[in-house]
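Take the sequence shown: its letters are residues 1 to 454, numbered as in full-length UniProt numbering. Scroll down for the structure; my scribbles are underneath it.
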Amino acid sequence: MPAKFHVAICGGGIGGLAAAVALSRFPDIEVSVFEAAKEFTEVGAGIGVWPRVWKLLAYLGLDDDLASISATKPTQDEVDTFIFRKADQPEGLDFYKLRSRGTLLRYHRPDVLQVLIDNLPAHCKTYFNRRLQTYTQDRAKGTVQLVFSDGSTETCNVLIGSDGIKSSVRRTMLTNKSEEAASKGKLEDAERFMQLIEPTWTGIVAYRALIPTQRLQDYKDAHPEMNIRIPQTNSTPIMYMGQHINVVVYPISSGKLINIGAFHAKPELAGTNFPGPWVETIPNDELLAAHDGWEPELQAILRCAYTPSRWAVHMAQPLESWVDGNVALLGDSAHAMSPQQASGAGQAIEDAYLLATLLGHRLTRIENINQVLNIYSDVRVPVATEVQHRSLVNGSYFGLQLEGLDSTREHDRLHEIGDAVVENWNWAWATTLDPSISEAVKRLEASQRPRAHL
């Protein structure tokens, strides 16, 4: 079957490959993936998959492969998801058990990426060492020319920019919009578009590490008096909390590894420039010093982290539209966010599924691609922007910040923080993408109905 158009995906992370898998279901769409690195790779460690996203992965036929690499099995029953524990003191205090309807599945990022790679069909073309520099469009012909840093070029009909938080696609898109606004004398709009290019620092730094489970077990055996709890695949993960700090600890890779994420927030610094490298390997002593005075159990876990790293958590500035002609943003290039709702990758997968559904629709053709992309943007922007905001709110709650509550003294009221987290987070397990899909398809079909002539 001849292809009705060619989609180029720049960026082969989880969002980009999810889009490639989703688009490859349609035999009349040619799909190419351009990756800047020499192979597909993922940065970061743990990744969360809520029921809302698991449903989409099942639609794509990935559920069996993903289930095979997790010791935790998905369920729609009500389950224990986190124990919240005040831990910035010599003796920790459990104060809340978060329950959700459906499992928060936890994976090692490279494992999820490998499942996507394994499910790319042979007719999906992949190219490596192809870092996008810029693009140009011929709107009359419905084509996009990609220009790579090595001087090579490619032509497509649709460009999906899934090239991360420092996206070249986003930079080119907003530069084009700025130049267009300036040409019309809209100088304030032109400046605003340029200011939206760069991500902003959230004021949060994250210490991240992976620990072989056996290493922590050996430490426990050597210090039986500490009674350390080893995270197990069948145990409820613990969120250790303190003032403007939270540390999440849970097993991944079927229990072989323990993922650690320690988030330190300075809200007064949000929006300022981070003074140093965004990602840096640090000595373990720095990680321990950052949690001085915390309870012994957490201290013991952190001592087993031999090569931790420190990440400055940035977010993409919200946009009104993710579209420029036949070009659309997806994932972190559109809405990079704080990880404290375990939803960044999930939102990229939602983008990918809905966009592929629209591009694969029988009514989509070269002539109306821009209209279709705008429907995608109109439906997805409000959702992802809201999740960005809710992620920051979650982080504040995890740092024991709730208006009207003094968490240093009012321990009997700490459960109110747990209740606030549930209210802010339950969309992840209580809703699905189905209404958005239906709305988007309905808009597409309505836009293509013949109009009556008066």
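The beta-carbon is built from N, C-alpha and C at its ideal position, and this holds for glycine as well.
Can you list, in chain order, the residues of its chain whose CB lies under 6 angstroms from that of residue i, leaving out five sequence neighbours each side?
i: Met337; result: Met315, Gly344, Gln388 and Ser391
i: Tyr306; result: none
i: Val53; result: Gly346 and Ile349
i: Leu266; result: Residue 266 is actually Lys in this sequence, not Leu. Contacts found: Gly203.
i: Gly12; result: Val33, Glu35 and Phe40
When the Cα atoms are used, what is the spatial distance from residue i to residue j?
i: Asp65; j: Ala440; result: 29 angstroms
i: Tyr240; j: Pro231; result: 13 angstroms
i: Asp332; j: Asp189; result: 23 angstroms
i: Phe26; j: Gly293; result: 56 angstroms
i: Lys320; j: Lys97; result: For the record, residue 320 in the displayed sequence is Glu; it is not Lys. Their backbone Cα atoms lie some 37 angstroms apart in a straight line.
i: His453; j: Ile197; result: A caution first: His453 carries a pLDDT of 45, below 50, which makes its placement in the model unreliable, though a value can still be read off. His453 and Ile197: Cα-Cα distance of roughly 43 angstroms.
i: Gly151; j: Glu367; result: 29 angstroms
i: Ile252; j: Arg192; result: 42 angstroms
i: Glu154; j: Phe84; result: 51 angstroms
i: Gln195; j: Thr233; result: 44 angstroms
i: Gly142; j: Gln114; result: 33 angstroms
i: Tyr127; j: Ser438; result: 34 angstroms
i: Tyr250; j: Pro450; result: 55 angstroms
Nearest to residue i by CA position, among the options, is which residue?
i: Thr41; options: Leu444, Asp111 and Ser235; result: Asp111
i: His411; options: Ile47, Thr72 and Leu93; result: Leu93
i: Asp419; options: Asp88, Lys86, Asp63 and Phe95; result: Phe95
i: residue 525; options: Asn273, Leu116, Pro51 and Ser253; result: No information on residue 525 is available, as it lies outside the stretch 1 to 454 that the chain covers here.
i: Ser70; options: Tyr59, His108 and Val144; result: His108
i: Arg170; options: His123, Asp118, Asp324 and Asp221; result: Asp324
i: Thr81; options: Asn284, Thr236, Asp285 and Glu191; result: Thr236
i: Ser167; options: Ala36, Gln114 and Glu403; result: Ala36
i: Lys125; options: Leu17, Ser254 and Thr364; result: Leu17
i: Leu414; options: Lys86, Ser377, Pro2 and Thr75; result: Lys86
i: Leu400; options: Gly142, Arg99, Asn246 and Thr364; result: Asn246
i: Leu146; options: Ser32, Trp278 and Leu433; result: Ser32
i: Glu91; options: Asp434, Glu297, Leu433 and Ala352; result: Glu297
Can you name, in chain order, every residue of its own chain whose Cβ lies under 7 angstroms from the Cβ of residue i, other than the five neighbours on each side?
i: Ser436; result: Leu354, Val379 and Val383
i: Gln340; result: Phe263, Ser391, Asn394, Gly395 and Phe398
i: Ala428; result: Trp50, Arg52, Gln341 and Ser343
If we count the other Cβ atoms within 10 Å of its Cβ and call it buried at 16 or more, is residue i buried or exposed?
i: Gln347; result: buried
i: His244; result: buried
i: Leu23; result: buried
i: Asp138; result: exposed
i: Asn426; result: exposed
i: Ser407; result: buried
i: Glu403; result: exposed
Within its chain, find whatever has a CB closer than 8 angstroms to the CB of residue i; leave out the 5 residues flanking it on each side and keep chain order.
i: Tyr219; result: Ile228, Ala300, Arg303 and Cys304
i: Val158; result: Phe5, His6, Val7, Ala8, Val144, Asn326, Val327, Ala328, Leu359, Ile369 and Leu373
i: Leu187; result: Ala181
Exercise. Enumerate, from N- to C-terminal direction, the unbroken beta strand (DSSP E) stretches of 3 or more residues contained entirely within the segment 120 to 203.
Key: 125 to 127, 132 to 138, 143 to 148, 153 to 156 and 158 to 161
Quiz prompt | In chain order, each beta strand (DSSP E) run of at least 3 residues that lies wholly inside the UniProt domain "FAD-binding" (316 to 390) | solution = 327 to 329
Quiz item: Which runs of the alpha helix (DSSP H) fall wholly inside the segment 280 to 313 and span at least 4 residues, in chain order?
Solution: 284 to 289 and 296 to 303
Quiz item: What are the uninterrupted segments assigned as beta strand (DSSP E) that are 3 or more residues long and contained completely in the segment 55 to 127, given in chain order?
Solution: 78 to 86, 93 to 101, 105 to 108 and 125 to 127
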